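Undergrad: In this text, residue positions in the sequence shown follow our numbering: the first is 5, and each later residue adds one.
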Amino acid sequence: MQKLDRVRERLEQIGVDGILITNAQNRRYLTGFTGSAGIIVITKTEANLYVDFRYVEQAQTQVKDFAVIELSRETTIFEEVAKMIDRAGLASLGFEEGNVTYQLYTKYRNHLSVEMIPLTGVVEKLRMIKTDEEIRHIKSAAEITDQAFTHILDYIRPGITEIDIANELEFSMRKLGAASSAYDIIIASGLRSALPHGVASTKVVEKGDMVTLDFGAYYEGYRSDMTRTITVGEPKPELREIYTIVYDALSNALTGIKPGMTGQRADALTRDFITEKGYGEQYGHGSGHGIGLDIHEEPFMSPKCEVLLEPGMIVTVEPGIYIPDLGGVRIEDDILITEEGNETITKSRKELFVL
5 MQKLDRVRER
15 LEQIGVDGIL
25 ITNAQNRRYL
35 TGFTGSAGII
45 VITKTEANLY
55 VDFRYVEQAQ
65 TQVKDFAVIE
75 LSRETTIFEE
85 VAKMIDRAGL
95 ASLGFEEGNV
105 TYQLYTKYRN
115 HLSVEMIPLT
125 GVVEKLRMIK
135 TDEEIRHIKS
145 AAEITDQAFT
155 HILDYIRPGI
165 TEIDIANELE
175 FSMRKLGAAS
185 SAYDIIIASG
195 LRSALPHGVA
205 STKVVEKGDM
215 VTLDFGAYYE
225 GYRSDMTRTI
235 TVGEPKPELR
245 EIYTIVYDAL
255 SNALTGIKPG
265 MTGQRADALT
275 RDFITEKGYG
285 EQYGHGSGHG
295 IGLDIHEEPF
305 MSPKCEVLLE
315 PGMIVTVEPG
325 IYIPDLGGVR
335 IEDDILITEE
345 GNETITKSRK
355 ELFVL
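1) Please report the straight-line C-alpha distance between F166 and T233, rounded to a whole angstrom.
2) Identify the residues that DSSP records as bridge partners of E100: which are they?
3) According to DSSP, is Y54 helix, strand or coil?
4) Does the separation of the CB atoms of Y54 and I73 fall below 8 Å?
5) If contact is defined by three or more beta carbon pairs under 8 Å, each pair taking one atom from either stretch, is the segment 256-272 in contact with the segment 300-314?
6) Using a Cβ-Cβ cutoff of less than 8 Å, which residues in the same chain neighbour I164 once the five nearest sequence positions on both sides are dropped?
7) Give the range of the beta strand (DSSP E) segment to which S193 is assigned.
8) Rounded to a whole number of angstroms, what is the C-alpha to C-alpha distance between T79 and G42?
9) Is the number of C-beta pairs between the segment 96-103 and the segment 119-132 that are closer than 8 Å three or more?
10) Which of the three DSSP states is assigned to S117 in this structure?
11) Which of the three DSSP states, helix, strand or coil, is assigned to P303?
12) If distances are taken between C-alpha atoms only, which option among D56, K68, G93, D69 comes closest to I81?
13) Could you name the residues that DSSP lists as bridge partners for G332?
14) Could you name the residues of the same chain whose beta carbon sits closer than 8 Å to that of P200, not counting the 5 residues immediately before and after it, in chain order?
15) Measure the alpha-carbon distance for T35 versus E61 and round it to whole angstroms.
16) Work out the CA separation of I169 and I156 for me, nearest whole Å.
17) Once the 5 residues before and after M88 are set aside, which same chain residues still bring their CB inside 7 Å of it?
18) With a CB to CB cut of under 7 Å and the five nearest residues on each side skipped, what residues in its chain are close to P162?
19) Mapping the DSSP letters down to three states, classify D276 as helix, strand or coil.
20) Quick one: is D150 buried, meaning 16 or more other Cβ sit within 10 Å of its Cβ, or exposed?
21) Which of helix, strand or coil does DSSP assign to F357?
22) Do T47 and L116 have their beta-carbon atoms positioned less than 8 Å apart in this structure?
23) Pick from D276, L258, G284: whose alpha carbon is nearest that of V319?
24) Relative to the C-alpha of G296, which residue among E174, G225, K68, E344 is closest?
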């Protein structure tokens, strides 16, 4: 079923006549349009992408299944949508409540003679199941990430700063074909490795440091997300111990995750294992999340996630243990949910590297 048909089917289920799409990633997902501005309106009979003069030619080249309508200097998006609503005789129009400010909502409400209905997740839920093309792009991003990791192992040494490592990773991924990194690269060494989101700093890497590298590539609009923790010189025995626990927890999840399982159950495959080893309190974040056009997408695997995993979803699996004043370990892979189980698409070695 085409994406547009699936949106219309969902609107019929919830009893809304049309929907206003303002989220940039949802706009790209539905239309293929990569420009930075544009509004979508979908009804039972029309599907329009409104853009200004800057993007008309680009949109006409990229967009299928939607009419491309140029906004003139003499009119506003509010007036154009009002015309469409009057023409279609709509009584209600949904909008993405997580993406529309109160100020913008007020403007639409004042211009449109319909009931404005706040909606959540109409397009995002469709995005959980990746198309074949999306899977190819994410796998390409993962391959770039793997190659960059191989490169950076020869670069890391005592005396280099975390920001130096992050910059080299960024440069390497761009040379390999990425448009950029998928997000702000996390490099956390020594005591800073106990920070789950320790974005690269000016700290110098020292001998004996654990170094957490959390990074990914942005390729053709899609993202990868991988974490490896290495050590520069021999680590403390306690750090080796928690590395082994995290490694085994990840292995347990990669063996056990399969379609039909809830995100809660998938989360438990790492969380219960780490808790049994005595470190449950040091594992405070969710065990994974969807990736795609955004670096964090549905589903979000956690003790509260009731979403069923389905073939075509791509999610991260990322157990970690973080101990203040000692250090931390996180190991993360991207996996594709398949009909039989799952496929790991980040291929870099997970056994501890001692540089």
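Backbone N, C-alpha and C fix where the C-beta goes; we use that ideal spot for every residue, glycine too. Predicted, not measured: the structure shown is a model, and the values here were computed from it.
TA: Well, looking at it:
1) The sequence given here has Glu at residue 166, not Phe. Whole-angstrom Cα-Cα distance: 13 Å.
2) In DSSP, E100 forms a bridge with L123.
3) Y54: strand per DSSP, three-state reduction.
4) For the 8 Å CB-CB criterion, Y54 and I73 form a contact.
5) Flag = yes, the segment 300-314 and the segment 256-272 touch.
6) These residues qualify, in order along the chain: V208, V209.
7) 190-193 is the span of the beta strand (DSSP E), which, as asked, contains S193.
8) The alpha-carbon atoms of T79 and G42 are separated by roughly 15 Å.
9) The segment 96-103 is in contact with the segment 119-132.
10) S117 falls in the coil class under three-state DSSP.
11) Strand.
12) That would be D56, whose Cα lies nearest to the Cα of I81.
13) The partner list for G332 (beta bridge, DSSP) reads Y326.
14) Here P200 has G288, H289, G324, Y326, G332, R334 as same chain residues with Cβ atoms under 8 Å from its own Cβ, once five neighbours each way along the sequence are excluded.
15) Their backbone Cα atoms lie some 14 Å apart in a straight line.
16) Separation of I156 and I169 (C-alpha to C-alpha, rounded to the nearest whole angstrom) is 7 Å.
17) Leaving aside the five residues that flank M88 on each side, the residues in its chain whose CB is nearer than 7 Å to its CB run, in chain order, V45, E50, N52.
18) Around P162, the same chain offers V209, E210, K211, V236 as residues with beta carbons nearer than 7 Å, after the five sequence neighbours per side are excluded.
19) Three-state DSSP puts D276 in a helix.
20) Counting Cβ neighbours within 10 Å, D150 comes out buried, since at least 16 surround it.
21) F357 falls in the coil class under three-state DSSP.
22) Taking the C-beta atoms as reference points, T47 is found no nearer than 8 Å to L116.
23) Of the candidates D276, L258, G284, the one whose C-alpha sits nearest the C-alpha of V319 is L258.
24) The option with the nearest alpha carbon to G296 is G225.
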